[in-house]
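Following UniProt numbering, the numbering of the sequence shown begins with 1 at its first residue and continues without gaps.
Where a beta carbon is used, it is the ideal one built from N, C-alpha and C, also for glycine.
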Amino acid sequence: MGLHPLEFSECYLDSPSFREKIKSHEAELDKTNRFIKELYKDGKNLINATKQLGMAQRKFAQCLGEFQFEYIGDAKTDDEKCIDESLQEFSSFLKNLEDQRELMMRNITETLMKPLEKFRKDQLGTAERKKYEKETEKYYSSLEKLLNMSAKKKEPQLQEADSQVETMKLHFQEESLTYVCKLQEIQERKKFECVEPMLAFFQTVFTFYHQGFELAKDFDHYKKALQINIQNTRSRFEGARSEVYDLMKRIREAPQEYRQTSPISCEGYLYVQEKRPPPFGSSWVKRYSTYVTKQKILHMVTFDHRSGGKIGETESVTLKSCLRKTLDVLDRRFCLELEITDRPGTVLTVQAMSEDDHKFWMQAMDGKEAVSQPPAPCCVFVFMKNAISAIETRGINDQGLYRVVGVSSKVQKLLSLMIGKYNSNEVDLSTSEDWDVKTVTSTLKLYLSPESRIQAVHCLVHKLPERNRQVLGLLMKHLAKVAAHSKHNLMTVANLGVVFGPTLMRPQEDTVAAIMDLKFQNIVVEILIEHDEKVPLTTGICITCRVVEGGRVGGVMMMKMKREPSAECSPMCPHKIPSHAPPWGRLALPPAVTSRKAKAVYPCEAEHDSELSFQVGAIFNVTQSREPGWLEGELEGKRGLIPENYVEML
Numbered sequence: 001m002g003l004h005p006l007e008f009s010e011c012y013l014d015s016p017s018f019r020e021k022i023k024s025h026e027a028e029l030d031k032t033n034r035f036i037k038e039l040y041k042d043g044k045n046l047i048n049a050t051k052q053l054g055m056a057q058r059k060f061a062q063c064l065g066e067f068q069f070e071y072i073g074d075a076k077t078d079d080e081k082c083i084d085e086s087l088q089e090f091s092s093f094l095k096n097l098e099d100q101r102e103l104m105m106r107n108i109t110e111t112l113m114k115p116l117e118k119f120r121k122d123q124l125g126t127a128e129r130k131k132y133e134k135e136t137e138k139y140y141s142s143l144e145k146l147l148n149m150s151a152k153k154k155e156p157q158l159q160e161a162d163s164q165v166e167t168m169k170l171h172f173q174e175e176s177l178t179y180v181c182k183l184q185e186i187q188e189r190k191k192f193e194c195v196e197p198m199l200a201f202f203q204t205v206f207t208f209y210h211q212g213f214e215l216a217k218d219f220d221h222y223k224k225a226l227q228i229n230i231q232n233t234r235s236r237f238e239g240a241r242s243e244v245y246d247l248m249k250r251i252r253e254a255p256q257e258y259r260q261t262s263p264i265s266c267e268g269y270l271y272v273q274e275k276r277p278p279p280f281g282s283s284w285v286k287r288y289s290t291y292v293t294k295q296k297i298l299h300m301v302t303f304d305h306r307s308g309g310k311i312g313e314t315e316s317v318t319l320k321s322c323l324r325k326t327l328d329v330l331d332r333r334f335c336l337e338l339e340i341t342d343r344p345g346t347v348l349t350v351q352a353m354s355e356d357d358h359k360f361w362m363q364a365m366d367g368k369e370a371v372s373q374p375p376a377p378c379c380v381f382v383f384m385k386n387a388i389s390a391i392e393t394r395g396i397n398d399q400g401l402y403r404v405v406g407v408s409s410k411v412q413k414l415l416s417l418m419i420g421k422y423n424s425n426e427v428d429l430s431t432s433e434d435w436d437v438k439t440v441t442s443t444l445k446l447y448l449s450p451e452s453r454i455q456a457v458h459c460l461v462h463k464l465p466e467r468n469r470q471v472l473g474l475l476m477k478h479l480a481k482v483a484a485h486s487k488h489n490l491m492t493v494a495n496l497g498v499v500f501g502p503t504l505m506r507p508q509e510d511t512v513a514a515i516m517d518l519k520f521q522n523i524v525v526e527i528l529i530e531h532d533e534k535v536p537l538t539t540g541i542c543i544t545c546r547v548v549e550g551g552r553v554g555g556v557m558m559m560k561m562k563r564e565p566s567a568e569c570s571p572m573c574p575h576k577i578p579s580h581a582p583p584w585g586r587l588a589l590p591p592a593v594t595s596r597k598a599k600a601v602y603p604c605e606a607e608h609d610s611e612l613s614f615q616v617g618a619i620f621n622v623t624q625s626r627e628p629g630w631l632e633g634e635l636e637g638k639r640g641l642i643p644e645n646y647v648e649m650l
């Protein structure tokens, strides 16, 4: 059974049972007071622990955000870039989560801790109880004093004493009524004063978890994309790992066949004789030596593994000749005698590590056998280096750098010059006044755009021999069909790239660096499969490129190939054919008609002086041009070329 109700009528009787009821109510309020006090203490501990958790999470997030993966090679794949950026994404996610947690803790303090503590201090304090007990003591003491008064006292004194006691009785009864009312009021108020803050607390917690759910939902798309990036990277890793183990096995079986000869002719350890003044004789010092055939320069770095691997000074000498040192001259095997050009009369004696090593150095230094020359530098790297050097030299302080765009025709011309002709070394953009900075930055951005990959691969494919291109086209169409059924055969474009990348694009040399570039070979194959419509391989002409030769526009357009031109043009292409151009707009003029009226159905802006600019609805007098796919027209007294599929005949 619960607490007995306190009747106001009992305040006048003040019976022992009434007092027991009051004690029961007071004990219940004391229990509630202790509960709230303990809850407040635990709440403080919870807030402090959550703050510590938040600090640890933020430190963890900071650690994630500051770390960056290093990669092997000169560039990263798109998958590697996404994986590299994933740590920053994780860090940002954790920071957002902790921001929500911090907001939750502030709300808990305001909605739970402060209201509970206020209720405890204001309603569950002992001030009212002490006041009631004091009035009880005062009243009953006066009553006993009155009852102990002698009856022989004078009547006025007795009446005065009775009056005082009656006044105190009324005051006591009033206090008793107030106290009883207060006790029952607090008993009822605690039901909502305690529970309502708890409800607000849980609402705050649920809000936090809902925010976490929303963050997780927003993160889900990135998570799925990242899983694909990870799977692609893992697949490429598996392919590269098998290649690396195979290369390691071949090198272990025949190490001399894999001596590095590119881009430097020869490198390895040589013991160099250092002569000292008499009577000290000479000493032999181990040096890591690099010999460059073209300049005939030998670079030597002092290095001893036993001294903790400390690298000493580098010495470079230019060789005039190299002779084998015979045993009758020097009692040491595998020695070479080097004549130095920059120090006439000086002969440098070196010792190879073994007989095979001795032969290797002899072949590299004396010119008796041809030594493979370093391959031409990658045009992409040369162009990038050239462009970046020009931007940093001439325009690093230009306002709007990379935002202000260059003239389109100049950008296309520069990109054709630097990439299409593979003569990046012929133009030094840092000193050339023919190309302003905004043209260089726009060219660099255009080349690095995703679409330029497809265009660049397109142009390179059409430089293949006809038969090779046909075979490649047949294979790519087949692989595109295989990838279209990837839901069943599980062979996605990425998986096919892993399988056929190393097969179709074997490196020129077997090195770990070449194996690490397998991922880019895979990506090229992925582009060929995924964009086989944009990179047509079965025709002998590249329909997305026209090369400017001899001052006129050359190439063969769609009338000879009987196919629609692609909307995608290479960076060197001076015209873009709209993807929405209707098929009837490509009809050529009948041979018997010398001049007809035509109406523009698409706007066009000329990119060369030989072309016309016009808007939709323009009327031309047109004749057939010698260039297939183009018309010669006249508009407002000016003659020029018009794309045939931009107009309709009237």
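Problem set entry | Nearest-angstrom beta carbon gap, Arg-101 and Lys-54 [assumed within contact, 8 angstroms] | The displayed chain sequence assigns Gly, not Lys, to residue 54. About 6 angstroms; that satisfies the 8 angstroms criterion.
Problem set entry | Cα-Cα separation between Asp-99 and Gly-212, rounded to whole angstroms | 11 angstroms
Problem set entry | 4 or more residues per run - each alpha helix (DSSP H) lying fully within the region 215-298 | none
Problem set entry | First and last residue of the uninterrupted alpha helix (DSSP H) at residue 651 | Only positions 1 to 650 of the chain appear in this structure, which leaves residue 651 out of reach.
Exercise. Does the beta carbon of Met-113 come closer than 9 angstroms to any beta carbon on chain D?
Worked result: Absence of chain D from the displayed structure is noted, only one protein chain being present.
Exercise. Alpha carbon to alpha carbon, what distance is there between Lys-638 and Leu-414?
Worked result: 28 angstroms
For this session: Compute the beta-carbon to beta-carbon distance between Thr-167 and Ile-108, rounded to the nearest angstrom, for a pair I have assumed lies under 8 angstroms.
Result: So it is not a contact: roughly 52 angstroms between Cβ atoms.
Problem set entry | For Leu-323: DSSP bridge partner residues | Per DSSP, the beta bridge partners of Leu-323 are Glu-337.
Exercise. Quick one: Cα of Lys-410 to Cα of Lys-310, how far?
Worked result: Taking the straight line joining both Cα atoms gives about 52 angstroms.
Exercise. Can you tell me the Cα-Cα spacing of Gly-268 and Trp-361, whole angstroms?
Worked result: 9 angstroms
For this session: Just mark Glu-392 as buried or exposed, buried being the case when its beta carbon has 16 or more other beta carbons within 10 Å.
Result: exposed
Exercise. From this set, Gly-501, Ser-176 and Ser-283, which residue's C-alpha is nearest Lys-138's C-alpha?
Worked result: Nearest of Gly-501, Ser-176 and Ser-283 to Lys-138, Cα basis: Ser-176.
Exercise. How do the region 223-242 and the region 329-338 stand: do at least 3 beta-carbon pairs fall below 8 angstroms, yes or no?
Worked result: The region 223-242, when compared against the region 329-338, does not touch it at the 8 angstroms Cβ threshold.
For this session: State the Cα-Cα distance for the pair Asn-397 and Thr-439, rounded to the nearest angstrom.
Result: Cα to Cα, the separation comes out at about 16 angstroms.
Problem set entry | Three-way DSSP call (helix, strand, coil) for Gly-550 in this model | With a pLDDT of 31 at Gly-550, under the threshold of 50, the modelled position of this residue cannot be trusted; read the value that follows with caution. Coil, per DSSP.
Exercise. In three-state terms, what does DSSP make of Asn-397?
Worked result: Looking at Asn-397 - three-state DSSP - the assignment turns out to be coil, as it is neither helix nor strand.
Problem set entry | Trp-630 - partner residues in DSSP beta bridges | Pro-643
For this session: Between the Cα of Gln-624 and those of His-485, Glu-634 and Gly-617, spot the shortest distance and give me the residue it belongs to.
Result: The residue with the shortest Cα to Cα distance from Gln-624 is Glu-634.
For this session: Sort out for me which residues DSSP pairs Ala-598 with in a bridge.
Result: Phe-620 and Met-649
Problem set entry | Beta-carbon proximity list for His-25, same chain, < 8 angstroms, skipping 5 on both sides | Leu-3, Leu-6, Leu-183, Gln-184 and Gln-187
For this session: For the region 55-63 and the region 13-29, state whether three or more C-beta atom pairs, one from each stretch, are separated by less than 8 angstroms.
Result: no
Exercise. To the nearest angstrom, how far is it from the Cα of Met-248 to the Cα of Ser-354?
Worked result: 21 angstroms
Problem set entry | the ligand MN heavy atom lying under 8 angstroms from the CB of Met-418 | By its list of ligands, the structure shown contains no ligand whatsoever, and the ligand MN lies outside what it can speak to.
Exercise. How many angstroms separate the CA atom of Asp-79 from the CA atom of Pro-643?
Worked result: So the two alpha carbons sit approximately 40 angstroms from each other.
Problem set entry | Assigned exposure category for Pro-344 - 16 Cβ within 10 Å defines buried | Its Cβ having fewer than 16 others within 10 Å, Pro-344 is exposed.
Problem set entry | Start and end residues, alpha helix (DSSP H) containing Leu-116 | 114-123
For this session: Take Leu-641 as the anchor and find which of Met-113, Ser-610 and Val-616 has the nearest alpha-carbon.
Result: Ser-610
For this session: Measure the alpha-carbon distance for Leu-479 versus Leu-496 and round it to whole angstroms.
Result: 7 angstroms
Exercise. For Thr-302, which beta-bridge partners are listed by DSSP?
Worked result: Arg-287
Exercise. Would Thr-314 pass as a contact of Ile-297 if the rule is Cβ separation under 9 angstroms?
Worked result: no
Exercise. In its own chain, which residues sit with a C-beta less than 7 angstroms from the C-beta of Asn-96, not counting the 5 before and 5 after it?
Worked result: Annotation for Asn-96: Leu-215 place their beta carbon closer than 7 angstroms to its own, counting only its chain and skipping 5 residues before and after.
Exercise. Got a sec? Which residues, its chain only, sit under 8 angstroms from Phe-201 by beta carbon, not counting five neighbours each side?
Worked result: Ile-108, Thr-111 and Leu-112
Exercise. Would you report the Cα separation of Leu-401 and Ser-92, rounded to the nearest angstrom?
Worked result: 29 angstroms
Exercise. Could you give the distance in angstroms between the alpha-carbon of Arg-453 and the alpha-carbon of Glu-530?
Worked result: 12 angstroms
For this session: Measure the CB-CB distance between Leu-143 and Val-165 and report whether it falls below 9 angstroms.
Result: yes
Exercise. With a Cβ-Cβ cutoff of 9 angstroms, do Ser-432 and Ala-387 count as a contact?
Worked result: no
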